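Okay, so the sequence shown: first residue is 0 according to numbering that gives the first Met the number 0, each after it adds one.
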Amino acid sequence: MTDSLPTNITHIPDTLIEKEMRDSFLTYAMSVIHDRALPDVRDGLKPSQRRILVAMNDLNLRHNAKYRKCAKIAGDTSGNYHPHGESVIYPTLVRMAQPFRLRHCLIDGQGNFGSIDGDPPAAMRYTEARMGGPAEEMLVDLDKDTTDKRTNYDETRTEPTVLPGKFPNLLVNGSEGIAVGMSTALPPHNLQEVINAIRMVLDNPKCTVKDLLTVITGPDFPTG
């Protein structure tokens, strides 16, 4: 090992440590926001949630298909799209199947998926799942290049950057996320009210928030 400096450096810029810390923190924060923590406003999903649904789509786990073990779903998600281990993926899968958390569940679970009182779900080798109806609607026409795609982590396949999203997931199911320097907490809303609001915007693109609030009168939590 040598103590000499590399000979190919032609210029070492001077910079204030405050500026470097600020710029580096912002870069890190944006990376966390984009890659992990906060949902995409277009489909209302975080990357881990989206990848679980894509893996289930690869397995043809439609809403009327036979249930498959959650261990298989988590394993395929980890191996093909989200290399963070099944123990990280399974809690995300469970949350999308809990009716006391989501107004309209994206995953139809079979077995013990926990309770509103805080009881934990059974291990993934015991539970089974398939897509719920809303999730299936969000994946319609995915194979027709309706959204942009990117290569997965090991460049062996592609994954969508966002789902086509015929179901207004972000508004209906809401979302919570904690990132670096910011967070989000959007409550769920009634599906029929959201549809009426969408129709209002289509009929009158100049409608105001005040107009929309006459249709969407407030949040609609799954527990009442």
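The beta carbon of each residue, even a glycine, is placed where N, CA and C say it ideally should be. Owing to the predicted nature of the structure, the values given are computational and were not obtained by experimental measurement.
### Task
Grab me the residues of D219's own chain with a C-beta within less than 7 Å of its C-beta, minus the 5 sequence neighbours each way, in chain order.
Here residue 219 corresponds to residue number 220 of the sequence shown, with the count starting at 1. R102, P187, H188 and N189.
### Message
Using a Cβ-Cβ cutoff of less than 7 Å, which residues in the same chain neighbour G113 once the five nearest sequence positions on both sides are dropped?
### Response
Position 114 of the sequence shown, counted from the first residue, corresponds to residue 113. So the list reads V93, Q97, P119 and P120, once near-sequence residues are dropped.
### Task
Closer than 7 Å by C-beta to S30: which residues in its own chain qualify, once you throw out the five before and the five after it? Chain order, please.
Along the sequence shown, one-based indexing puts residue 30 at 31. There are no such residues.
### Message
Can you find the residues in the same chain that come closer than 7 Å, C-beta to C-beta, to G110, ignoring five residues on each side of it along the sequence?
### Response
For the purposes of this step, residue 110 is identified with residue 111 of the sequence shown, where counting begins at 1. Around G110: A121, Y125, T126 and E127.
### Message
Just verifying my parser: in three-state terms, what is the DSSP assignment at I72?
### Response
Here residue 72 corresponds to residue number 73 of the sequence shown, with the count starting at 1. Residue state, collapsed to three classes: helix.
### Task
For I115, count neighbouring Cβ atoms within 10 angstroms of its own Cβ and tell me buried if that reaches 16, exposed if not.
The residue labelled residue 115 in the question sits at position 116 within the sequence shown. By the 10 Å Cβ count, I115 comes out exposed.
### G108 - DSSP class collapsed to helix/strand/coil
Taking the first residue of the sequence shown as 1, we reach residue 108 at position 109. Residue state, collapsed to three classes: strand.
#### Entry: Closest Cα partner of S86 within the set N79, T146 and A73
Mapped onto the sequence shown, residue 86 falls at position 87. Each of N79, T146 and A73 was checked against the Cα of S86, and the nearest Cα belongs to A73.
### Message
Out of D39, E175, H10 and D107, which one is the CA nearest neighbour of K68?
### Response
Within the sequence shown, the letter at position 69 stands for residue 68. Of D39, E175, H10 and D107, the residue nearest in Cα terms is D107.
### Query
L201 to R50, Cα distance in whole Å?
By one-based count along the sequence shown, residue 201 stands at place 202. By one-based count along the sequence shown, residue 50 stands at place 51. Rounded to whole angstroms, L201 to R50 spans 31 Å at the Cα level.
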